[in-house]
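Asker: When we follow this note's numbering, the leftmost residue of the sequence shown carries the number 5, and every step to the right adds one.
Built from N, CA and C at the ideal position, the CB exists for glycine as well.
Predicted model, so just to flag it, every value in this text is computed and none were measured.
Have a look at this one.
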Amino acid sequence: MKNLLLFVKLGRPNQYVKNTFIFLPVFFGYKLANTASIVNTLWAFVVFSMAASAVYAFNDIKDIREDLNHPKKRLRPLPSGSITKRDAFVFFSALVIGALFLGSLLLPPSFLVILLSYLILNIAYSFILKHIAIIDVVCVASGFVLRVFAGGIAAEVNPSRWLILMTFLLSLFIALAKRRDDLLLVSNGNSLRKSLDGYSLEFISNSMMIMAAVTIVSYILYTVSSEVSAKYGSNNLYLTTFWVIIGFMRYMQHTFVHKRSASPTEVLLKDLFLQAVIILWLLSFFVIINGFGL
């Protein structure tokens, strides 16, 4: 049982929250009442979660020495010595094979193309791309865009240009916040990744402000566009913008005031305020597009 828990920890299931981006196409594509789309999207979530765990295991194998110098990462199963490199590689291989098999069995061939692209991107990221400033955060954001495409294929929804653009911008914002926290650790004497040499607190803070502003403006343009109003039959989607702005302000409070943005997943899972904002945004969006008095 202890060994099983160690492998579960190696796969980091708490990070599966990132794969909820797979559900965006079925939500924005107005297919929440389509059983087949929901079931296929759930399978896509399961397959991508297996692939994500494989990626985390591979990354830990590759970074075992660097993680020993990190105040939190050194406690993970591999750097702490609780799991051997050989066992971790077997775990990685089993997850990759399982994800590819399940994906080919239950989802369209084009989904496998996205899944393979995700795996290749992350392996390249582990080897070299994460050591190149700017490219590293772009890779992280690209991973989220691939999740949206995967969800679109599963639900048979073509993701709009708005959804792809805002996913990329939001992901860049979150990735930059994480790098800012890493940079603060370096200033405290901890040696981390090479890409941090290409960043400064000023650069990251300003870039975050730009990403937040552009994302909010993009969302406003999305909600007031004629094509979206015609699609959902309402001119009131702009009202949901208030929740988006509050959400960005809360996350920036975590980053700049509390200095707790090292783990976006941890921020989301522990912050009831942010959870409430997201739920209220989803609820208001759902109410408006279904015409309940709006």
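Enumerate, from N- to C-terminal direction, the unbroken alpha helix (DSSP H) stretches of 4 or more residues contained entirely within the segment 217–269.
Answerer: 230–236, 245–256
Asker: I'd like to know whether the C-beta atoms of A158 and T24 end up nearer to each other than 8 Å.
Answerer: The answer is no: Cβ separation not under 8 Å.
Asker: Using a Cβ-Cβ cut-off of 8 Å (strictly less than) and excluding sequence neighbours within five positions of T245, which residues of its own chain qualify?
Answerer: Closer than 8 Å at the Cβ level, and outside the excluded window around T245, lie I220, Y223, I224, T227.
Asker: What residue from F289, S146, I208 has the CA that sits closest to S307's CA?
Answerer: Beyond the ends of the chain as shown, which are 5 and 298, falls residue 307; an answer cannot be given.
Asker: Kindly indicate which residue of W285, F105, R183, T88 has the alpha-carbon position closest to the one of L243.
Answerer: W285
Asker: Would you mind stating whether A103 and M170 have Cβ atoms separated by less than 8 Å?
Answerer: no
Asker: With a 10 Å radius around its C-beta and 16 neighbouring C-beta atoms as the bar for buried, classify N18 as buried or exposed.
Answerer: exposed
Asker: So, helix, strand or coil for D201, using DSSP?
Answerer: D201: helix per DSSP, three-state reduction.
Asker: Smallest Cα separation from F62: which of H262, G33, A128, I118?
Answerer: A128
Asker: Under DSSP, the alpha helix (DSSP H) around K89 begins and ends at which residues?
Answerer: 89–110
Asker: Does the beta-carbon of M253 have 16 or more other beta-carbons within 10 angstroms, so that it is buried, or is it exposed?
Answerer: exposed
Asker: Quick check: the Cα distance between V144 and F277, rounded to an integer number of angstroms?
Answerer: 25 Å
Asker: Could you tell me the alpha carbon to alpha carbon distance between V141 and S175, rounded to whole angstroms?
Answerer: 8 Å
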